[in-house]
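Residue numbers (this note's numbering): 477 to 1042. C-beta: ideal position from N, C-alpha, C; glycine also. Owing to the predicted nature of the structure, the values given are computational and were not obtained by experimental measurement.
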C-alpha cells in the first residue's frame, strides 16, 4: 500500500512539472479514483485521465460526467460543473445509489447558490433535506440547514439566518462525515463574512480562528495543496475582516501570511479584494478584480450577478484611482447586464405562470380554464403595475437623495471655505435645499414680506453654525443662537419661523446634526449608528433615528446602504 501511494505521489509530482504539455499516462492511472486525486494537485492531469477514459469508454458516461463536474466544481468553474451535474441528474441508474444522489444534490445546491439561481436552489435544498432525513444522514441535513440560514441572512432575516447557520454547524460537528473538516472550514468562512458584513467583528475574529484550526487539521500528504488552498482563504478573509474593522496592523499581518501561500485561483483571490482596496493597494486590487472578471468571461459567465458584482467593484475602484473613463465604461456594462438580467428574470416568472396555466388547462374544463386564466393575468398585471409604481418611486427617491447629498456637500464646502453668506454660491445652495425639502408656496395675502436685515442675520447665524460646527456642542440651545447674532427672544422666534423649515430651535439644531451624520455614515462605514449619533452631538440614538427618518424618509442604515450602492 505504501509503495502504491508513493508511486502515485511521484506520478503527480512529475505531471505537475510537465504542466500543459501532452502526457502519456500509465494504464494504472486511468481510473476515476486517480482523477479525483489530481483535482487539486494537477487538474490538467485529471482532465487528461477523464478524457482518455471517455474515449476508451471504460466507465459509464454518467460516472465520467460526475467526475468531470466535480473537477470543474473544485476549479470554481461552476457554470460548466452545473451542466455536467444536471446531465447526471437525468441518469436513471443513479437512483440505485442513495449516497451518490446525496452528493449530486449537494453539488447542485452549491452551484445554484453561487450562480444565484434562487428557484432551483430552494427546490434543491428541500429535496436534499427530505432525502437526508429519510436516510438519517445528519451531515447532508446539516448542509441544507446551513444553506437555508445563509439565504435567510441574505434576505435580511439576520437573527433567523445566524440561528440556522449555527444549528447546521453544530449538526456537522456531531457527524463522522469524511469531509467534515473541509465543510466546517467553509461554514466558518461563510459565518466570518456574515459577521464582518454586519459589523460584528468580535464574532468574526472567533470564526477566523476556528476556520484556521479546521484548515490546519491533519490531512494526507497528497492533500497538502488543498490544505494550503484552505489557509490562503483563511488569511485572505482575515485580512479583509481586520481592514474593515480598522485594525490595519492585524490586517497587514494576515496579508503577509496570505502572500506566502500560492495555491489559489481568480475566484479564491477575490477574498483579499476588500483588504487591497481599503489598504490602497490599488494596482493589486485592480489586477485581482480584472483577473476575476476574465475568469468569468472564459467560463461564459457574462450575463450573471457575479459579473455584475465584478464590474461594479471595478468601476468604484477605478473612480478611486481617478480613471474615470474606464469607470464609465464599466458602468455602461453594469447597466447592460442589469437590464438583461431583469429581462431573463421576468421571462422566467412569466414562463412559470404559463406552465401553471397549462396544468390547469389539462385538468379543468375550458370555461374554468378561461376564468382562471383571466384571474391569473389580472393578478400578474396588477403585480407588474405595483412593482413598476414602487420601482419608479424608489428611483425618484434615490435621485432626490443623491441631489440632496450633492447640494448639502456644495453648501458645506462654500461655508467651510469662508465664502460670504450673501455670495451667489451660498444663496443658491440654500434655495436649492429649500426646493428639495419643502414644496414651493406663494405667500398668502396677509403674510409679511421678508425683512432684509432679519434674513441677513439668519443666514449669518446659519453659516456660523454650519461652518464652525457649533451644532456638535451637546448643550447648544436657543439662548446660544440668540447671543450669536444679538437679537431678543421675540425677534429670534419670528426669524426661525420665517426662514427655517424647523418648527423650533431644537429641531433646527437636530437637523444640522443629522445632516452632518449623513456625511459621517458615508465617510466612516465602520461607525455604528450609535457612534454616528454621538459624533453628531446627539447622545440619544432614538432621537437621531427619528429625526433622520423625518428628513430623509428612511433610516440611517437604509441611507448608508442606498448611497453606498450609488
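Beta-carbon spacing of residue i, residue j below 7 Å
i	j	result
residue 992	residue 1012	yes
residue 707	residue 737	yes
residue 714	residue 739	no
residue 527	residue 541	no
residue 687	residue 653	no
residue 754	residue 732	no
residue 1032	residue 997	yes
residue 702	residue 516	yes
residue 794	residue 803	yes
residue 558	residue 522	no
residue 711	residue 734	yes
residue 674	residue 709	no
residue 640	residue 624	yes
residue 784	residue 806	no
residue 554	residue 591	yes
Alpha carbon of residue i to alpha carbon of residue j, nearest angstrom
i	j	result
residue 932	residue 952	21 Å
residue 913	residue 975	Since pLDDT at residue 913 reaches only 44, below the 50 mark, its modelled position is unreliable, and the value read off the structure follows with that caveat. In a straight line, the C-alpha of residue 913 is about 13 Å away from that of residue 975.
residue 570	residue 581	12 Å
residue 543	residue 567	14 Å
residue 723	residue 534	56 Å
residue 782	residue 593	12 Å
residue 858	residue 811	26 Å
residue 949	residue 630	39 Å
residue 496	residue 538	Low confidence applies to residue 496: its pLDDT is 40, below 50, so where it sits in the model is not reliable, and the reading given next is rough at best. Whole-angstrom Cα-Cα distance: 26 Å.
residue 556	residue 658	23 Å
residue 965	residue 959	10 Å
residue 1008	residue 509	57 Å
residue 861	residue 847	21 Å
residue 565	residue 545	12 Å
residue 979	residue 957	15 Å
residue 982	residue 1022	14 Å
residue 666	residue 970	58 Å
residue 808	residue 757	25 Å
residue 514	residue 660	23 Å
residue 798	residue 973	45 Å
residue 1028	residue 1000	19 Å
residue 689	residue 655	15 Å
residue 819	residue 1040	25 Å
residue 607	residue 595	19 Å
residue 643	residue 531	46 Å
residue 626	residue 741	24 Å
residue 628	residue 942	43 Å
residue 609	residue 620	11 Å
residue 726	residue 681	11 Å
residue 792	residue 766	13 Å
Integer-rounded CB distance, given that residue j should sit under 8 Å from residue i
i	j	result
residue 578	residue 561	Actually they do not touch by this definition, with Cβ atoms about 13 Å apart.
residue 750	residue 716	4 Å
residue 968	residue 954	7 Å
residue 622	residue 645	7 Å
residue 588	residue 597	4 Å
residue 721	residue 677	4 Å
residue 647	residue 669	20 Å between Cβ atoms; not a contact.
residue 611	residue 574	6 Å
residue 779	residue 743	So it is not a contact: roughly 18 Å between Cβ atoms.
residue 511	residue 525	4 Å
residue 929	residue 961	Rounded, the Cβ-Cβ distance is 11 Å, inconsistent with contact.
Buried versus exposed, by CB contacts within 10 Å (16 or more), residue i
i	result
residue 854	exposed
residue 986	buried
residue 773	exposed
residue 988	buried
residue 963	buried
residue 586	buried
residue 777	buried
residue 851	exposed
residue 602	exposed
residue 637	buried
residue 977	exposed
residue 693	exposed
residue 828	Because the pLDDT at residue 828 is just 47, under 50, the model does not fix this residue reliably, and the value given afterwards should be weighed accordingly. With fewer than 16 Cβ atoms within 10 Å of its Cβ, residue 828 is classed as exposed.
residue 752	buried
residue 864	exposed
residue 1016	exposed
Residue ranges of each alpha helix (DSSP H) run of no fewer than 4 residues wholly in the region 927-1002, ordered along the chain?
928-943, 954-961, 965-975, 981-999
List, from N- to C-terminal side, the alpha helix (DSSP H) runs of 4 residues or more that fit wholly inside the region 650-685.
656-673
Where are the alpha helix (DSSP H) runs, 4 residues long or more, that stay fully inside the region 569-620, in chain order?
574-590, 594-611
Of all the alpha helix (DSSP H) runs that stay within the bounds of the region 707-760, which reach a length of 4 or more residues?
724-736, 749-754
So within the region 1002-1035, which uninterrupted alpha helix (DSSP H) runs reach at least 4 residues, ignoring any that extend past its ends?
1005-1011, 1017-1028
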